[in-house]
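Counting the sequence shown from 1 gives a position; the numbering used here is that position plus 888.
Shown next, in structure tokens, is the structure this report addresses.
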Amino acid sequence: MGSFIDTTFDFTSDTPHYWDNFWQNCEGLGCGSADPDLKSPTLRNYNKLLWSKRLPNGEFLDLQKGENSNDYLIWKDFNFGSDSIINVYLHNTLIKPFIEQIKTEIEKTQNYKEFRENYLRKSYTIGGCMIFPKTNRKFSINCQRGINRFIKDRFDLTLECIRRYYNKDFDNPLGETMKKNTEFFDLFIDFKGFVDFFLLQDLVMEDYSAIKLFLQNDLTFTKDPRPKVVADWFVFYKKQMEFLEKRNNRISKIRFNDENYIK
């Protein structure tokens, strides 16, 4: 593959069958028939290349491919999986009436299907992906942040829970999950180490003291955090796309002959 990452590469394009019956899936809302996080060979290669580097604790994260998709990337006792961190809920059948409102608004200026497909091709670039450990499947970060009713797969809120973990504040929806993954978080020493390692600087304040939320919430984690009105959804969408572009820009500037990438 070589030491090069194309930040415009669309991982749905090499995920077998992703676009098969797309607009018939998810009750006609449209969703992929396969998961790039599991099935895109380029994403797997990019994740291996990008995150195999010196950790803040001084160790080298020497990621290796396992023999099957269940052993996606492995290192020591860790088994890592890929996780998409961009989600605007347009495939969620439980909020279908709200999605229809969004669709109506979008179609005032453009074709909705083209909008949706372009969004997916952008969101499935490397800037929209992370790796998390899945060694303890029941308490995997990827799983828990997706099913928790106060997180709803929002990566900004996930990062807020991670920030609180490093401040030893476990009173949040993912607090117990974070504690189950202590060995993983210890690799980064502190919140700044985690953010810098995964190139998430554009999602935090300059002093790392707070998260730049995609949508303003009171952070008491007592309500469904998804947008409730169409105007808020557009803000939510725009901020995620801006973050995605900035993170891709950071990734594009990486030089793999840098000392952090040399064992």
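Quick reminder that beta carbons are idealized off the backbone N, C-alpha and C, glycines included.
Asked, Found
"Buried or exposed (CB count within 10 angstroms, at least 16 for buried), residue 1060", "buried"
"Limits of the unbroken alpha helix (DSSP H) element including residue 1066", "1063 to 1068"
"Span of the alpha helix (DSSP H), counted from its first residue to its last, around residue 1137", "1118 to 1140"
"Alpha helix (DSSP H) segment containing residue 1011, residue limits", "1000 to 1011"
"Distance CB(residue 1036)-CB(residue 969) smaller than 8 Å", "no"
"Identity of the residues DSSP links to residue 1021 by a beta bridge", "968"
"Limits of the alpha helix (DSSP H) - the one that residue 926 falls within", "924 to 927"
"Exposed unless 16 or more other CB atoms sit within 10 angstroms - verdict on residue 889", "At residue 889 the pLDDT is 40, less than 50, meaning the model places this residue with poor confidence and gives no usable figure here."
"N-terminal and C-terminal residue of the beta strand (DSSP E) that residue 962 is part of", "961 to 963"
"Proximity of residue 1015 and residue 1132 at Cβ, strictly below 8 Å", "yes"
"Bridge partner(s) assigned by DSSP for residue 953", "961"
"Touching by the beta-carbon criterion (3+ pairs, under 8 Å), the region 1117 to 1127 and the region 1075 to 1082", "no"
"Residue 1107 to residue 898 span [Cα, whole Å]", "33 Å"
"Proximity of residue 926 and residue 957 at Cβ, strictly below 8 Å", "yes"
"Beta-carbon proximity check, residue 1004 vs residue 978, cutoff 8 Å", "yes"
"Counted within 10 angstroms of its Cβ, other Cβ atoms place residue 903 as buried (16 or more) or exposed", "buried"
"Residue 1032 - containing alpha helix (DSSP H), residue span", "1029 to 1035"
"Residue 1052 and residue 1102 closer than 8 Å at C-beta", "no"
"Per DSSP, the bridge partner or partners of residue 1092", "1099"
"Simplified DSSP state of residue 942, which is helix, strand or coil", "strand"
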